[in-house]
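A quick write-up on the structure given underneath.
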Amino acid sequence: MLAYHFYQLINLKFMKKLKFAGLLLAAMTMIAACSKDNDDDKKEEPASLSVEYNGVTWEATTVTAVYNSANGSTSISASRNSPTDQVAISFSITTGNEAITEPGEGAMFSISTPGLGNYTTLFVNGVVGELTITKYDMEKKLASGTFHCSAKNFDYDVVEFTNGQFTNVPVTIY
Numbered sequence: 065m066l067a068y069h070f071y072q073l074i075n076l077k078f079m080k081k082l083k084f085a086g087l088l089l090a091a092m093t094m095i096a097a098c099s100k101d102n103d104d105d106k107k108e109e110p111a112s113l114s115v116e117y118n119g120v121t122w123e124a125t126t127v128t129a130v131y132n133s134a135n136g137s138t139s140i141s142a143s144r145n146s147p148t149d150q151v152a153i154s155f156s157i158t159t160g161n162e163a164i165t166e167p168g169e170g171a172m173f174s175i176s177t178p179g180l181g182n183y184t185t186l187f188v189n190g191v192v193g194e195l196t197i198t199k200y201d202m203e204k205k206l207a208s209g210t211f212h213c214s215a216k217n218f219d220y221d222v223v224e225f226t227n228g229q230f231t232n233v234p235v236t237i238y
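This is the structure we're talking about:
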């Protein structure tokens, strides 16, 4: 009889420990199931490019970039609605500022859009603007930055381009 009571006492202690372990496992499962998934916090904003001129905001529907590892230059191509409605930016930095200036001396900007026509910094002398790279992530292959400049058309008319920005532009590396 003593053995039977001893067995019940041991069995009772074991059951209490088993019950505690079960409750602990259930609580840990609930905590893990309810915790926020951190992957949602790390999603990048979609790629975008926009610039203002003459009170108009031009916004791209498609924007991509190519990094040329042979010469260290990056070219961004953005378009909206059609291939004749586009912006192109070329630069040779991955951080900081670069002057938008005459060809071969710094960054370059061009726009071709119905209503405005074709404007570029290819015909300029001296510094006409600035490009700032705010993020160039070679691992994620994304580029972001801001720009402003004056550009000319083929008749040498000048238009100011302001509040230019590009965000999370996917970069293909060659």
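One gets the numbering used here by counting positions in the sequence shown from 1 and adding 64 to each.
Beta carbons: idealized from backbone N, C-alpha and C, even for Gly.
None of the values given here were measured: they were computed from a predicted structure.
Secondary structure within the region 144-210: the beta strand (DSSP E) runs of 3 or more consecutive residues, fully enclosed, are 146-155, 160-164, 172-177, 181-184 and 193-201 (chain order). Residue pairing by DSSP places Phe225 opposite Cys213 in a beta bridge.
In this structure, Asn227 is the residue among Asn227, Ile140, Ile157 and Thr198 with its C-alpha nearest to the C-alpha of Gly119. For the 8 Å CB-CB criterion, Gly193 and Ser214 form a contact. DSSP, reduced to helix, strand and coil, places Ser133 outside both helices and strands of the structure shown, so it counts as coil. For Tyr238, the three-state secondary structure derived from DSSP is coil. Minimum Cα-Cα distance from Phe155 among the listed residues Val222, Phe211 and Lys216 corresponds to Phe211.
Among the bridge pairs identified by DSSP, Phe230 is matched with Leu113 and Gly209. Counting along the chain, the unbroken beta strand (DSSP E) around Glu123 starts and ends at Val120 to Glu123.
Here Ser176 really is in contact with Gln150; their C-beta atoms are around 6 Å apart, less than 8 Å.
With a cut-off of 8 Å on Cβ pairs, the region 162-174 is in contact with the region 194-206, counting three or more such pairs. Residues of the same chain with a CB within less than 7 Å of the CB of Thr158, apart from the 5 flanking positions on each side, are Ile197 and Tyr200 in chain order.
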